[in-house]
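Undergrad: Protein chains in written order, with my numbering: chain A, 80 to 281; chain B, 5 to 601.
For each residue, glycine too, the CB sits at the ideal point set by N, CA and C.
Sharing a structure, written as structure tokens. Questions coming.
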Amino acid sequence: MSFHPLMLYDPERFQRSERRLLEEGEPFTFAPERRAALDELLTKYPPDRKRSAILAALYLVQEQQGYLTANAVRHVGGILEMTPAEVEDVATYYVMFFKEKVGKHVVQVCRTLSCALAGAERVTEALSHTLGIAPGETDPSGMFTLLEFECLGACDRAPVVMVNNEDWHERVRPEDCGRLVEDIRARGPAASSGCHLRIERP
Amino acid sequence: MDTVTLTIDGREVTVEKGKTVLQAAIDNGVQIPYYCYHPGLGIDGSCRVCIVKIEKLPKLQTSCSTPVAEGMVVSTQTPEVVEARASVFEFLLINHPLDCPVCDKGGECPLQDFSYSFGPNESRMEFPRRVFDGEGVRADVDFGPTLMLNRNRCILCTRCVRFMREIDTDPQINIVDRGYGSEIATFQEEGVHSLLSGNLMDVCPVGAITTRDYRFKSRPWDNPDAVDTICTLCEKGCNTTAWLKAKPEWAKGARLIRITPRFNPDVNDYWMCDIGRFDYRWIEGDNRLQKPLLRSEAGVLEPTDWRNVVGKVADRVTAAGGPSALGFLVSGHASLEELALIGRLGGTLGLREEGVAVGWRRREKPQAPGAKFKIPPVDAPNLMGAADMGFPVRPTSSGDADLAAFRGDVEAGRITVLYVFDPGPEGTLGDVSWIVEARQSGRLQHLIVQGVLMTPLAAAADIVLPGAAWVEKDAAYVNEQGRLQGAARAIAPPGEAMEDWQILVNVGLALGAPLTYTSSQEVRAEIAAGLGDNPRYAGLAELAFARPTAAGNWLKTSNPSERWKWDFMFQDLPPVKFVGKPGATSWMNGIPLTEVE
Numbered sequence: 080m081s082f083h084p085l086m087l088y089d090p091e092r093f094q095r096s097e098r099r100l101l102e103e104g105e106p107f108t109f110a111p112e113r114r115a116a117l118d119e120l121l122t123k124y125p126p127d128r129k130r131s132a133i134l135a136a137l138y139l140v141q142e143q144q145g146y147l148t149a150n151a152v153r154h155v156g157g158i159l160e161m162t163p164a165e166v167e168d169v170a171t172y173y174v175m176f177f178k179e180k181v182g183k184h185v186v187q188v189c190r191t192l193s194c195a196l197a198g199a200e201r202v203t204e205a206l207s208h209t210l211g212i213a214p215g216e217t218d219p220s221g222m223f224t225l226l227e228f229e230c231l232g233a234c235d236r237a238p239v240v241m242v243n244n245e246d247w248h249e250r251v252r253p254e255d256c257g258r259l260v261e262d263i264r265a266r267g268p269a270a271s272s273g274c275h276l277r278i279e280r281p
Numbered sequence: 005m006d007t008v009t010l011t012i013d014g015r016e017v018t019v020e021k022g023k024t025v026l027q028a029a030i031d032n033g034v035q036i037p038y039y040c041y042h043p044g045l046g047i048d049g050s051c052r053v054c055i056v057k058i059e060k061l062p063k064l065q066t067s068c069s070t071p072v073a074e075g076m077v078v079s080t081q082t083p084e085v086v087e088a089r090a091s092v093f094e095f096l097l098i099n100h101p102l103d104c105p106v107c108d109k110g111g112e113c114p115l116q117d118f119s120y121s122f123g124p125n126e127s128r129m130e131f132p133r134r135v136f137d138g139e140g141v142r143a144d145v146d147f148g149p150t151l152m153l154n155r156n157r158c159i160l161c162t163r164c165v166r167f168m169r170e171i172d173t174d175p176q177i178n179i180v181d182r183g184y185g186s187e188i189a190t191f192q193e194e195g196v197h198s199l200l201s202g203n204l205m206d207v208c209p210v211g212a213i214t215t216r217d218y219r220f221k222s223r224p225w226d227n228p229d230a231v232d233t234i235c236t237l238c239e240k241g242c243n244t245t246a247w248l249k250a251k252p253e254w255a256k257g258a259r260l261i262r263i264t265p266r267f268n269p270d271v272n273d274y275w276m277c278d279i280g281r282f283d284y285r286w287i288e289g290d291n292r293l294q295k296p297l298l299r300s301e302a303g304v305l306e307p308t309d310w311r312n313v314v315g316k317v318a319d320r321v322t323a324a325g326g327p328s329a330l331g332f333l334v335s336g337h338a339s340l341e342e343l344a345l346i347g348r349l350g351g352t353l354g355l356r357e358e359g360v361a362v363g364w365r366r367r368e369k370p371q372a373p374g375a376k377f378k379i380p381p382v383d384a385p386n387l388m389g390a391a392d393m394g395f396p397v398r399p400t401s402s403g404d405a406d407l408a409a410f411r412g413d414v415e416a417g418r419i420t421v422l423y424v425f426d427p428g429p430e431g432t433l434g435d436v437s438w439i440v441e442a443r444q445s446g447r448l449q450h451l452i453v454q455g456v457l458m459t460p461l462a463a464a465a466d467i468v469l470p471g472a473a474w475v476e477k478d479a480a481y482v483n484e485q486g487r488l489q490g491a492a493r494a495i496a497p498p499g500e501a502m503e504d505w506q507i508l509v510n511v512g513l514a515l516g517a518p519l520t521y522t523s524s525q526e527v528r529a530e531i532a533a534g535l536g537d538n539p540r541y542a543g544l545a546e547l548a549f550a551r552p553t554a555a556g557n558w559l560k561t562s563n564p565s566e567r568w569k570w571d572f573m574f575q576d577l578p579p580v581k582f583v584g585k586p587g588a589t590s591w592m593n594g595i596p597l598t599e600v601e
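Here you go:
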């Protein structure tokens with residue numbers, strides 16, 4: 080959209096930023112049931128405040144394809160009447176939205192003070208050993224991603240391991256890690272149902 | 005108007021209710037530095053340098069986000085404030101590269117000025133700086149067709165983000181990541197695509213956003229003069245300042261180095277569009293008409309002198325065979341003075357009413373539908389003035405100039421001598437290919453063009469008279485709101501080109517019109533006398549035109565409404581320095597931090 084002949088816009092001529100960009104990814108549309116869930120949610124906000132549903136929408140994207148892609152960001156922006164830049168702004172602010180491909184199960188170990196004092200580093204090492212990957216990596220089978228996170232808000236039950244943004248495993252000892260991983264591998268999400276949130280929920 | 009009285013630094017000040025402490029301070033000449041606050045944008049409170057002490061509030065407050073209250077007692081210069089402010093500056097400079105000698109903002113940079121005035125003398129930081137995209141100019145990355153971005157210099161004031169959100173209303177700039185990793189970016193590095201993008205350079209308080217146009221071209225101290233003028237590229241008439249670079253006569257390159265907006269709350273606020281800002285290079289370009297041209301017997305346009313050419317114009321017009329064979333096509337870029345003189349010429353010649361037409365170009369500017377700064381579609385600064393002066397301003401239903409009848413007269417050979425007056429940039433007269441065609445096919449016998457550029461129209465003419473662009477003459481225009489404004493002469497017309505009113509007077513004299521004007525001011529005085537009953541033209545005779553002002557004093561002397569900028573953005577403030585060692589008086593010092601095994 081350059082209007083000036085002396086200012087022809089040729090991105091190749093100029094220096095590109097080294098900033099890590101979102102993957103373009105596959106063309107993205109919400110699956111009908113997720114779209115319906117989002118539309119249902121949108122009825123709770125005034126029509127001109129659709130953008131309020133952004134976090135929910137981004138969670139739905141992750142539910143559908145595990146992580147955010149540029150195409151998904153555009154799609155969400157289109158539904159919520161936001162520019163892709165605004166969606167990216169929110170998405171990159173929050174650590175629970177993954178900007179690159181992650182494994183089926185994302186294992187997040189809290190490393191903030193309480194957990195660190197209670198031996199979170201040892202837990203990370205054990206998980207790293209069991210999975211054969213360093214923190215921040217995804218295993219070759221695409222099953223697990225191991226991440227270190229900041230405070231997960233369960234300091235009284237440190238150290239805490241969160242699986243898939245959802246399930247807490249508390250007072251994890253390094254020797255429990257092998258069993259935890261095997262359990263998730265064998266039973267999938269059902270393996271996570273023992274954590275306190277599930278128990279304490281009415 | 006509800007007012008609130010508060011005390012700032014022991015002075016009682018009364019301001020409008022609802023203002024913030026910072027605005028109250030600015031209005032009353034109290035010096036508080038700021039970065040994220042911009043009077044044209046919403047409040048953010050992210051830069052923290054405007055902190056002040058307000059009695060009865062436990063912590064220091066950001067004055068930009070604290071509304072005034074009755075009886076508030078504010079202090080901006082107590083040791084507590086001075087030290088805290090110095091600490092904020094120390095933080096702002098943790099990662100800001102000290103590359104002022106190669107930074108385009110150097111010399112007009114609020115970060116520079118305020119750090120000198122309010123910051124500590126030294127930094128305690130020994131860590132490597134955070135670096136995006138490499139050190140130095142390697143960090144200058146692509147930020148769209150008009151801009152470059154240097155993230156290392158950015159202090160994350162978010163003015164650019166808010167400008168795009170609030171004024172452009174197409175938020176293309178975002179902050180990615182958070183905390184220490186935050187950076188200004190566009191989605192997928194697509195860059196900013198907006199006709200208002202140049203304003204992002206203006207609002208940026210550091211050298212993070214620079215324009216490709218001005219980058220590495222000049223430094224503030226290389227631009228000794230600035231001229232307050234207006235933009236005439238569309239009917240909005242934005243108030244602008246033209247900056248002139250110092251250069252010896254023999255040196256290559258342009259004198260007009262950049263155009264920036266000038267605050268006028270009634271017309272353009274703090275902003276201007278990219279067309280007005282960047283479309284000026286043609287003024288000192290190679291395509292300008294510099295000498296009068298006359299088509300020779302061999303059919304070639306050859307340079308001649310003014311005396312000769314004016315006589316030839318008179319001959320051609322007289323030989324046309326009566327006023328009915330004569331036509332004037334006037335561009336919407338013609339100023340009031342020029343229109344008045346064309347009117348006098350027409351009167352002398354006994355021109356028919358149908359023999360005059362006004363042309364302009366209309367093109368929609370692509371903008372977000374909600375944009376707060378609208379660029380009007382008509383590229384003519386003076387249509388309102390032309391209509392008031394009795395010229396036939398006839399728009400079609402689509403808003404274009406309705407030249408059908410006039411064109412018919414030319415194409416049918418009823419008009420044999422056509423005088424085109426077009427002092428605007430190429431294309432702003434609208435489609436003129438039909439004139440070129442009529443001349444080439446011989447249906448139009450003589451074409452006289454008074455203009456500024458060697459356009460296809462000028463190339464087809466028999467006589468070409470080199471005129472002046474809007475920054476080369478003092479001229480008055482009436483914008484779409486009916487506001488009378490003057491564009492000042494910032495530079496001289498190139499070569500032998502003359503101001504258009506002089507050309508028209510000379511042509512008129514050659515045709516025997518009793519013209520006695522010796523300055524464009526006299527023309528304006530006469531228009532004012534003729535239109536005396538129209539309140540719009542009340543100030544025309546006394547219209548003041550700015551002269552080049554030393555840029556060092558420009559903000560001070562030029563425009564009272566720009567005082568805020570001088571006082572608070574480009575100033576050399578008396579230092580409110582934090583003296584002493586950084587951290588020496590801080591309570592943090594009480595807790596010695598030692599390394600643990």
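Select from A:D218, A:T209, A:E102, A:A233 the residue whose C-alpha is nearest the C-alpha of A149 (chain A).
TA: The sequence position of residue 149 (chain A) within the first sequence is 70, counting from 1. Among A:D218, A:T209, A:E102, A:A233, the Cα nearest to that of A149 (chain A) is on A:E102.
Undergrad: Using a Cβ cut-off of 7 Å, which residues of the stretch 145–172 of chain A contact any Cβ in chain B, in chain order?
TA: Against chain B - using a Cβ distance shorter than 7 Å - the residues of the stretch 145–172 of chain A are A149, T162, P163, A164, E165, E167, D168, T171, Y172.
Undergrad: Is DSSP giving Q3 (chain B) helix, strand or coil here?
TA: Past the edges of chain B, shown from 5 to 601, lies residue 3 (chain B), and the structure says nothing about it.
Undergrad: Is it true that the CB of T190 (chain B) sits closer than 9 Å to the CB of M152 (chain B)?
TA: The residue you call residue 152 (chain B) lines up with position 148 of the second sequence. The residue you call residue 190 (chain B) lines up with position 186 of the second sequence. Taking 9 Å as the Cβ cut-off, M152 (chain B) and T190 (chain B) do not qualify as a contacting pair.
Undergrad: Whose C-beta lies closer than 8 Å to the C-beta of D571 (chain B) among residues of the same chain, with five residues either side of it excluded?
TA: By 1-based counting over the second sequence, the position of residue 571 (chain B) is 567. Note that D571 (chain B) scores 49 on pLDDT, short of 50, meaning its location in the model is unreliable and no value can be drawn from it.
Undergrad: Using a Cβ cut-off of 9 Å, which residues of the stretch 81–105 of chain B contact any Cβ in chain A, in chain order?
TA: Against chain A - using a Cβ distance shorter than 9 Å - the stretch 81–105 of chain B contributes no residues.
Undergrad: Note the first and the last residue of the continuous beta strand (DSSP E) segment covering C189 (chain A).
TA: Reading the first sequence from its first residue, position 110 is the one you call residue 189 (chain A). That run of the beta strand (DSSP E) goes 184–189.
Undergrad: Can you find a CB in chain B that lies within less than 9 Å of the CB of E227 (chain A)?
TA: Residue mapping note: residue 227 (chain A) aligns to position 148 of the first sequence, counting from 1. For E227 (chain A), the answer is no, since every Cβ of chain B falls outside 9 Å of its Cβ.
Undergrad: Using a cut-off of 8 Å between C-beta atoms, extract the partners of E105 (chain A) located in chain B.
TA: Here residue 105 (chain A) corresponds to residue number 26 of the first sequence, with the count starting at 1. Within chain B, no residue comes near E105 (chain A); the closest Cβ sits about 16 Å away, beyond 8 Å.
Undergrad: As a quick exercise: from A:R98, A:L147, A:R128, pick the residue whose alpha carbon is nearest that of F109 (chain A).
TA: Numbered from 1 along the first sequence, position 30 holds the residue referred to as residue 109 (chain A). Checking every option, the nearest Cα to that of F109 (chain A) belongs to A:L147.
Undergrad: Only counting runs of 3 or more residues, tell me where the beta strand (DSSP E) segments fall wholly within the stretch 173–251 of chain A, in order along the chain.
TA: If we require 3 residues or more, the beta strand (DSSP E) runs fully inside the stretch 173–251 of chain A come out as 184–189, 223–228, 240–242, 246–248.
Undergrad: What are the residues that DSSP puts in a beta bridge with M152 (chain B)?
TA: Counted from its first residue, the second sequence places residue 152 (chain B) at position 148. BP columns for M152 (chain B) point to B:D146, B:T214.
Undergrad: Relative to the alpha-carbon of M305 (chain A), which residue among A:G221, A:S220, A:I263 has its alpha-carbon at the smallest distance?
TA: The first residue shown for chain A is 80 and the last is 281, placing residue 305 (chain A) beyond what the model contains.
Undergrad: With a 10 Å radius around its C-beta and 16 neighbouring C-beta atoms as the bar for buried, classify F377 (chain B) as buried or exposed.
TA: By one-based count along the second sequence, residue 377 (chain B) stands at place 373. Classification for F377 (chain B): buried.
Undergrad: So the beta strand (DSSP E) R262 (chain B) belongs to, where does it begin and stop?
TA: Translated into positions along the second sequence, residue 262 (chain B) becomes position 258. Per DSSP, R262 (chain B) belongs to the beta strand (DSSP E) from 260–265.
Undergrad: Mind checking whether F167 (chain B) and L204 (chain B) have CB atoms under 9 Å apart?
TA: Counting from one through the second sequence, the residue named residue 167 (chain B) turns up at place 163. Counting from one through the second sequence, the residue named residue 204 (chain B) turns up at place 200. Cβ atoms of F167 (chain B) and L204 (chain B): closer than 9 Å.
Undergrad: Comparing alpha-carbon positions, which option in B:R182, B:V72, B:I179, B:K477 lies nearest L340 (chain B)?
TA: Taking the first residue of the second sequence as position 1, residue 340 (chain B) is located at position 336. For the residues B:R182, B:V72, B:I179, B:K477, the minimum Cα distance to L340 (chain B) belongs to B:K477.
Undergrad: In whole angstroms, what is the alpha-carbon distance linking V260 (chain A) and A205 (chain A)?
TA: Here residue 260 (chain A) is taken as the residue at index 181 of the first sequence, counted from 1. Here residue 205 (chain A) is taken as the residue at index 126 of the first sequence, counted from 1. Whole-angstrom Cα-Cα distance: 11 Å.
Undergrad: Which residues of chain A have a Cβ atom closer than 9 Å to the Cβ of A175 (chain B), listed in chain order?
TA: Numbered from its first residue, the second sequence carries residue 175 (chain B) at position 171. In the sequence as presented, Ala is not what sits at residue 175 (chain B); that position holds Pro. Near P175 (chain B) (Cβ distances below 9 Å), the residues of chain A are M161, T162, A164, E165, D168.
Undergrad: Can the beta-carbon of M129 (chain B) be found closer than 9 Å to that of I159 (chain B)?
TA: Your numbering for residue 129 (chain B) matches position 125 in the second sequence. Your numbering for residue 159 (chain B) matches position 155 in the second sequence. Not in contact: M129 (chain B) and I159 (chain B) (Cβ atoms no closer than 9 Å).
Undergrad: Under 9 Å between the Cβ atoms of R348 (chain B) and G512 (chain B)?
TA: As a working mapping, residue 348 (chain B) is identified with position 344 in the second sequence. As a working mapping, residue 512 (chain B) is identified with position 508 in the second sequence. Cβ atoms of R348 (chain B) and G512 (chain B): closer than 9 Å.
Undergrad: Between A88 (chain B) and L115 (chain B), how many whole angstroms is the CB-CB distance? I'm expecting something under 8 Å.
TA: As a first step, residue 88 (chain B) is located in the second sequence; it is residue number 84 there, counting from the start. As a first step, residue 115 (chain B) is located in the second sequence; it is residue number 111 there, counting from the start. 18 Å between Cβ atoms; not a contact.
Undergrad: List the residues of chain B that Q94 (chain A) touches, going by C-beta distances under 9 Å, in chain order.
TA: In the first sequence, the residue the question calls residue 94 (chain A) occupies position 15. Here the neighbours are D137, G138, V141, R142, A143, D144, V145, D146, M152.
Undergrad: Whole angstroms is fine: what's the gap from G389 (chain B)'s alpha carbon to W505 (chain B)'s?
TA: Translated into the one-based positions of the second sequence, residue 389 (chain B) becomes position 385. Translated into the one-based positions of the second sequence, residue 505 (chain B) becomes position 501. The straight-line gap from Cα to Cα measures roughly 16 Å.
Undergrad: Give the DSSP bridge partners of V19 (chain B), in chain order.
TA: Taking the first residue of the second sequence as 1, we reach residue 19 (chain B) at position 15. B:V8, per the DSSP bridge assignment.
Undergrad: Who are the neighbours of L231 (chain A) on chain B, taking C-beta pairs under 9 Å?
TA: Against the first sequence, residue 231 (chain A) aligns to sequence position 152. Those do not exist, as L231 (chain A) stays about 17 Å from chain B at its closest Cβ, beyond 9 Å.
Undergrad: Along chain A, in chain order, which residues have C-beta atoms closer than 7 Å to that of D181 (chain B)?
TA: Mapped onto the second sequence, residue 181 (chain B) falls at position 177. Per Cβ cutoff of 7 Å: T171.
Undergrad: DSSP on P460 (chain B), reduced to helix/strand/coil?
TA: By one-based count along the second sequence, residue 460 (chain B) stands at place 456. In this structure, P460 (chain B) counts as helix in the three-state DSSP scheme.
Undergrad: R252 (chain A) versus chain B: which residues are under 9 Å apart at the beta carbon?
TA: To locate residue 252 (chain A), count along the first sequence from 1; it is residue 173. Those within 9 Å of R252 (chain A) in chain B number zero; the least Cβ separation is about 25 Å.
Undergrad: Taking 9 Å as the CB-CB limit, is E368 (chain B) close to chain A?
TA: Numbered from 1 along the second sequence, position 364 holds the residue referred to as residue 368 (chain B). Not closer than 9 Å to any Cβ of chain A, the Cβ of E368 (chain B) fails to qualify, so no.
Undergrad: Answer yes or no: does any C-beta atom of chain A fall closer than 9 Å to that of A189 (chain B)?
TA: Position 185 of the second sequence, counted from the first residue, corresponds to residue 189 (chain B). Taking Cβ atoms only, chain A reaches closer than 9 Å to A189 (chain B), which makes this a yes.
Undergrad: Return the chain-ordered list of same chain residues with a C-beta closer than 7 Å to the C-beta of S96 (chain A), the five sequence neighbours on each side being excluded.
TA: Your numbering for residue 96 (chain A) matches position 17 in the first sequence. The answer is none, since no qualifying residue turns up.
Undergrad: E97 (chain A) CB to nearest chain B CB: under 9 Å?
TA: In the first sequence, the residue the question calls residue 97 (chain A) occupies position 18. Output row for E97 (chain A): interface = yes.
Undergrad: Excluding five sequence neighbours on each side, which residues of the same chain lie with their C-beta closer than 7 Å to the C-beta of R219 (chain B)?
TA: On the second sequence, position 215 is the one that residue 219 (chain B) refers to. Only D108, M152 meet the Cβ criterion.
Undergrad: If we ignore side chains and look at the alpha-carbon of each, how far apart do R2 (chain B) and D232 (chain B) end up?
TA: Since the first residue of chain B shown is 5 and the last is 601, residue 2 (chain B) is not available in this structure.
Undergrad: Quick one: which residues of the stretch 285–310 of chain B get their C-beta closer than 8 Å to a C-beta of chain A? List them in chain order.
TA: Cβ contacts with chain A: R285.
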